[in-house]
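Undergrad:
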Amino acid sequence: MSRRLSFRPRASAAGFTLIEVMIAVLVMGVGLLAFALLQTMNVRFTKSAQQRTVATNLAYEIIDIMRSQRSRGSYFNGISYDGFDGYTGPCDRDQDMGPTASIERWKCEVATSLPEGQAQVQLQADGTVDVTVRWGDSSWETDVNKAVTAFSVRSRI
Numbered sequence: 414m415s416r417r418l419s420f421r422p423r424a425s426a427a428g429f430t431l432i433e434v435m436i437a438v439l440v441m442g443v444g445l446l447a448f449a450l451l452q453t454m455n456v457r458f459t460k461s462a463q464q465r466t467v468a469t470n471l472a473y474e475i476i477d478i479m480r481s482q483r484s485r486g487s488y489f490n491g492i493s494y495d496g497f498d499g500y501t502g503p504c505d506r507d508q509d510m511g512p513t514a515s516i517e518r519w520k521c522e523v524a525t526s527l528p529e530g531q532a533q534v535q536l537q538a539d540g541t542v543d544v545t546v547r548w549g550d551s552s553w554e555t556d557v558n559k560a561v562t563a564f565s566v567r568s569r570i
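My numbering applies: residue 414 is where the sequence shown begins, and numbers increase by one.
#1: Name the one or two DSSP bridge partners that Thr541 has.
#2: Is the distance from the Cβ of Ser551 to the Cβ of Ala560 below 7 Å?
#3: Looking at C-alpha atoms only, which residue of Tyr494, Asp505 and Val542 is the closest neighbour of Val566?
#4: Between Asp505 and Trp519, what straight-line distance do the alpha-carbon atoms span, to the nearest angstrom?
#5: Once DSSP output is grouped into helix, strand and coil, what is the label at Phe448?
#6: Once the 5 residues before and after Arg485 are set aside, which same chain residues still bring their CB inside 7 Å of it?
#7: Starting from Ala532, follow the beta strand (DSSP E) in both directions and report where the run begins and ends.
#8: Can you look up Thr562 in the DSSP assignment and give me helix, strand or coil?
#9: Going by the CB atoms, is the gap between Tyr473 and Ala532 shorter than 7 Å?
#10: For Cys521, which option in Leu536, Met435, Ile475 and Thr466 has the closest C-alpha, if you only look at C-alpha atoms?
#11: Rounding to the nearest angstrom, what Cα-Cα distance links Phe489 and Gln535 in this structure?
#12: Is Gly442 buried or exposed, if buried means 16 or more other CB atoms sit within 10 Å of its CB?
#13: Which of the three DSSP states, helix, strand or coil, is assigned to Arg547?
#14: By alpha-carbon positions, which one of Phe448, Ala538, Gly549 and Ser515 ends up nearest to Gly530?
#15: So if DSSP puts Ser493 in a beta bridge, which residue, or which two residues, is it bridged to?
#16: Who are the near neighbours of Ser515 in its chain, counting only those whose CB is closer than 8 Å to its CB and skipping five residues on each side?
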């Protein structure tokens with residue numbers, strides 16, 4: 414009688430090994446950290462873009478105010494606002510919208526809309542005006558002296 418040994422092939426391995434699980438966890442962890450960094454950078458970019466938009470709007474606003482009060486152009490020459498003057502609340506529009514009230518309201522908007530907001534307006538003899546708005550953008554620079562961003566515009570009144 415011949416004896417046949419019944420030989421069964423081993424079934425393919427089922428399940429995961431510990432090393433596979435560790436590699437999968439590592440890959441997922443790196444991916445999640447990259448996603449968190451991406452979100453942080455997105456917040457910085459959005460904040461910076463919003464501040465640039467506000468500065469642009471403020472610069473064009475004072476130019477529009479100057480155009481609407483062309484006959485009083487000398488009031489606007491040399492406006493220089495170098496920092497906080499105690500503006501804390503909303504910058505309300507008074508009934509008097511003369512040049513002095515307009516300038517004060519605009520300075521208030523620069524102070525309350527931008528961090529460390531500063532502005533300068535120079536009216537040239539040829540009718541052009543240079544407006545520069547500066548603010549502290551500490552999103553990108555830890556050194557306070559280097560964290561100043563500026564927006565300048567030149568227009569004819």
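No residue lacks a Cβ here, since even glycine has one placed at the ideal position from N, Cα and C.
Fair warning: this is a prediction, and the values are worked out from it, not measured in the lab.
TA: Working from what's here:
#1: Arg569
#2: yes
#3: Val542
#4: 10 Å
#5: helix
#6: Pro512
#7: Gln531 to Leu536
#8: strand
#9: no
#10: Ile475
#11: 8 Å
#12: exposed
#13: strand
#14: Gly549
#15: Gln533
#16: Ile478 and Gln482
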